[in-house]
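Participant:
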Amino acid sequence: MHTVPLLINGEFTPSSSSEFIDVTNPADNSVIAKTPCATQVEIEQAIASAKAAFETWKDVPVTERARVMMRYQALLKTHHDEIATVLSQETGKTFDDAKGDVWRGIEVVEQAMNVPSLMMGETVENVARGIDTVSMIQPLGVCTGITPFNFPAMIPLWMFPLAIACGNTFVLKPSEQDPLTPMKLAELFMQAGAPAGVLNIVHGGKEQVEPLLTHPDVHAVSFVGSVPVGQYIYKTATDHMKRAQCFAGAKNHSVIMPDANKEHVINQMVGASVGAAGQRCMAISVAVFVGESQQWIDELAEKIAQVKPGVWDDKNAGFGPLISPAAKARVLSLIQQGKDEGATCLVDGSDVTVAGKESGNWVGPTVFKDVTADMAIYQQEIFGPVLCCMCVETLDEALALVNNNPFGNGTSIFTNSGSAARKYQREVTVGQVGINVPIPVPLPFFSFTGWKNSFYGDLHAYGKQAVRFYTETKTITSRWLEDDIARGPNMTISID
Ligand code: NAD
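Quick note on the working numbering: the sequence shown kicks off at 921 and runs consecutively.
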C-alpha cells in the first residue's frame, strides 16, 4: 500500500504519524493509498523550512524565478497524461475532464512565467523639485494554501506557482481525499529546479490546518473549499493578523431568455450542470427560464437523461462517481428532500449504478422542475449532478432571484438581445458573468472573482490580484540635489 509522503525541505519523507486517512478510488471505493495526518512537529518543520528558504529565495533574481516556472510548465505539459491518470484514479473524473483540470492549472503557471512584468512597480519623476518617487512590490515570506478535493491539480496551481514566483515560500495542505495529484505536481516542481524548502507539503485535516492559520511565521493564507470551513479559516487567519483569501461554495444560476438559441442553450446546459458529476464550484445548478423559454425544460431534461456516468477510462462516460460515500449520501438525501417538498423530478438519478462497479459512489443525472426558493434543493449547494429548473416571467424577476441568493460565484445569461445582456451584466451581484457562455471561469491573466458567500477577502486568485495578494508595496521617495544644503531646515510637512 502506497503511503503518501510529506515534502519538507526538499525531501519527500514518510510521516512519523500513527494516524492515516484512506485515499480511495471513488468508482469502487477500493483503497489506493494512505495519507498521513502530519504531526505538529512535522508541520513546524515545514513552516521552519519555508522560513529558512525565504531568506535566499527572496534574493533570487525575478528572471531566474520565472525560468523555474518555464521549466515547470514544460514538465507539466510533458507529463500531462500521467498527471491526469493519477487524478482520474483518485477523483473518478473522466480522463478528458482530468486533463482539463491539469490544463487550467498549467495556464496559471504560464502566467507565473510572466512574473517580471507582473511585479513592475510605479515611478513618478520630480514629484517635487529634485524628488522622485518609486513604488515596488516585495514578497511577504511564508504563505500557506489549503485546497479542496474537486480540482486537485488546478487549485494548488492557482496558489503556489504565483506565490513562489513573487519570491515567497509556501506550505500546501492539499485535500486528504486526493493528495496523489498534488504530490505529482510537487515532484515535477522539484525537477524544474525549485530549491529545497521553497515548496513544502503537509497532509491531514482540521488539526493540520490549524498551525497554518495561526503560526507567527505565516504571513498569508489561501483557501478554497466549503462555506463553513472558509468562514472559519478567514476568521481564524485574520484574527491572527494574516492576510487571507477564502474561496467558498456556490449556487450558480443560468438565466435563459426566450430569444436565445434553443439548441445552443440545451447543448451548453448539459455539460454545465452534470459535467464532473456537478462537483464544480462553477457548475450551473439552477436554470431560470424566462417566459416562453420554459417550454424547453422537457427537451433539456431528455438530453440530460442521456448522459451516463462511468469509470474514468470509459470513453462513453459523461462523468464519474461522487468523491465519497458520504458525498453520495448527502446528494441522495437532498434529492429525496426535493421530492418531499413538492418539486417535480423529471429525471431521477438516485438509483443509477454502473455495471461491474456497483460499490462506487454513483448518482445519475437528475433534473427537477417546479422548484421554489424555499426548498432545500434551492437553498443548499448540492455538489452533485442535479439541475433545478425555475420559471419567471421577466428579466427583472430573474435578476431579483439571482441577487437574493447568498452566493455569488458565477452566473450566465443566454440571449440574443444586447440590451438584456448588458442589463444583466450590470445589475447582477455575482462576480463572474457569462453571456451565452455557461461557465465563465476567467483565464489567468484576469482573476477568479467570486462575490458574496462565495468569497471572503479582498484580493482574488491568480492574475494581477494574486500578485498583489502575495506581495507588499514599498514606496521610496528620494532626493539627489546638491544645492539642498544651502536651503536650510524644512520645518513643514510639505515636500519641496
Ligand atoms: P472542504 O471545505 O470540506 O475542504 C477543503 C479543505 O479544508 C480540505 O483541505 C480540508 O482538509 C480542509 N478542512 C476541512 N474541514 C476543515 C476544518 N474544520 N478546519 C480547517 N480545515 C478544514 O471542501 P471540499 O469538500 O474539499 O470541496 C468542495 C467545496 O469547495 C464546495 O463547497 C465547492 O463549492 C468549494 N469550491 C469552491 C471553489 C471556489 O473557487 N469558490 C472552487 C472549488 C471548490
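Glycine residues also receive a C-beta, built at the ideal position from the N, C-alpha and C atoms.
Reducing DSSP to helix, strand and coil, say where W1371 ends up.
Facilitator: Taking the sequence shown and counting its residues from 1, the one referred to as residue 1371 is at position 451. When secondary structure is reduced to three states using DSSP, W1371 falls in the strand class.
Participant: Report the three-state DSSP secondary structure of F1365 (helix, strand or coil).
Facilitator: Position 445 of the sequence shown holds residue 1365. In this structure, F1365 counts as coil in the three-state DSSP scheme.
Participant: Mind listing, in chain order, the continuous alpha helix (DSSP H) runs of no fewer than 4 residues lying wholly within the stretch 1207 to 1231?
Facilitator: Entirely contained in the stretch 1207 to 1231, the alpha helix (DSSP H) runs reaching 4 residues are, in chain order, 1217 to 1225.
Participant: Can the beta-carbon of A966 be found less than 9 Å from the beta-carbon of N1120?
Facilitator: The residue you call residue 966 lines up with position 46 of the sequence shown. The residue you call residue 1120 lines up with position 200 of the sequence shown. Closer than 9 Å, so yes.
Participant: Using a Cβ-Cβ cut-off of 8 Å (strictly less than) and excluding sequence neighbours within five positions of S1270, which residues of its own chain qualify?
Facilitator: Numbered from its first residue, the sequence shown carries residue 1270 at position 350. Here the set comprises L1252, I1255, Q1256, V1283, G1284 and T1286.
Participant: Measuring straight from C-alpha to C-alpha, what distance separates P1178 and A1341?
Facilitator: Taking the sequence shown and counting its residues from 1, one reaches residue 1178 at position 258. Taking the sequence shown and counting its residues from 1, one reaches residue 1341 at position 421. Taking the straight line joining both Cα atoms gives about 13 Å.
Participant: Quick one: Cα of G1198 to Cα of L1082, how far?
Facilitator: If you number the sequence shown from 1, residue 1198 lands on position 278. If you number the sequence shown from 1, residue 1082 lands on position 162. Answer to the nearest angstrom: the Cα atoms are 28 Å apart.
Participant: Excluding five sequence neighbours on each side, which residues of the same chain lie with their C-beta closer than 7 Å to the C-beta of S937?
Facilitator: The residue labelled residue 937 in the question sits at position 17 within the sequence shown. Excluding residues within five positions, the ones whose Cβ falls inside 7 Å are P956, C957, A958 and T959.
Participant: Are the CB atoms of I1243 and Q1128 within a distance shorter than 9 Å?
Facilitator: Your numbering for residue 1128 matches position 208 in the sequence shown. Your numbering for residue 1243 matches position 323 in the sequence shown. Not a contact, by the Cβ cut-off of 9 Å.
Participant: For the pair the stretch 1392 to 1408 and the stretch 1184 to 1198, tell me if three or more CB-CB distances fall below 8 Å.
Facilitator: no
Participant: Might you give, ordered along the chain, the residues of its own chain that have their beta carbon closer than 7 Å to the beta carbon of A1237, omitting 5 neighbours on each side?
Facilitator: Looking up residue 1237 in the sequence shown gives position 317. Apart from the 5 residues on each side of it in sequence, A1237 sits with its Cβ closer than 7 Å to the Cβ of T1014, K1228, P1229, G1230 and V1231 in its chain, given in chain order.
Participant: T1391 and L1007: beta carbons closer than 9 Å?
Facilitator: Numbered from its first residue, the sequence shown carries residue 1391 at position 471. Numbered from its first residue, the sequence shown carries residue 1007 at position 87. Not in contact: T1391 and L1007 (Cβ atoms no closer than 9 Å).
Participant: Apply the 10 Å Cβ neighbour rule to K1248 and answer buried if 16 or more other Cβ atoms are within range, or exposed otherwise.
Facilitator: Locating residue 1248 in the sequence shown gives position 328, counting from the first residue. The residue is buried, with at least 16 neighbouring Cβ atoms inside 10 Å.
Participant: Quick one: any contact between the stretch 1352 to 1365 and the stretch 1330 to 1339, if contact means 3 or more CB pairs under 8 Å?
Facilitator: yes
Participant: Identify, in the order they occur along the chain, each residue of the same chain with its Cβ nearer than 7 Å to the Cβ of Q1385, setting aside the five sequence neighbours on each side.
Facilitator: As a position in the sequence shown, residue 1385 is number 465, starting the count at 1. Here the set comprises S1367 and L1379.
Participant: Leaving out the 5 sequence neighbours to the left and right, which residues in its chain are closer than 8 Å to L1363 when beta-carbon positions are compared?
Facilitator: Within the sequence shown, numbered from 1, the residue matching residue 1363 stands at position 443. Here the set comprises E1027.
Participant: Leaving aside the five residues before and after V1029 along the sequence, list all residues of the same chain whose C-beta is less than 8 Å from its C-beta, in chain order.
Facilitator: If you number the sequence shown from 1, residue 1029 lands on position 109. Closer than 8 Å at the Cβ level, and outside the excluded window around V1029, lie M989, Y992, Q993, L996, L1077 and P1081.
Participant: Under the DSSP definition of a beta bridge, which residues are partnered with L1092?
Facilitator: Locating residue 1092 in the sequence shown gives position 172, counting from the first residue. The partner list for L1092 (beta bridge, DSSP) reads G1065 and I1121.
Participant: Rounded to the nearest angstrom, what separates I1204 and S1055 at their Cα positions?
Facilitator: For the purposes of this step, residue 1204 is taken as residue 284 along the sequence shown, with counting starting at 1. For the purposes of this step, residue 1055 is taken as residue 135 along the sequence shown, with counting starting at 1. Those two C-alpha atoms are separated by around 42 Å.
Participant: Does at least one heavy atom of the ligand NAD sit under 8 Å from the Cβ of E1313?
Facilitator: Mapped onto the sequence shown, residue 1313 falls at position 393. The answer is no for E1313.
Participant: In three-state terms, what does DSSP make of S1146?
Facilitator: One-based indexing of the sequence shown puts residue 1146 at position 226. Residue state, collapsed to three classes: coil.
Participant: Quick check: is any heavy atom of the ligand NAD less than 8 Å from the C-beta of F1069?
Facilitator: The count along the sequence shown starts at 1 and reaches residue 1069 at position 149. Yes.
Participant: Is the closest heavy atom of the ligand NAD to the C-beta of V943 under 8 Å?
Facilitator: Counted from its first residue, the sequence shown places residue 943 at position 23. Incorrect: V943 has no Cβ contact closer than 8 Å to the ligand NAD.
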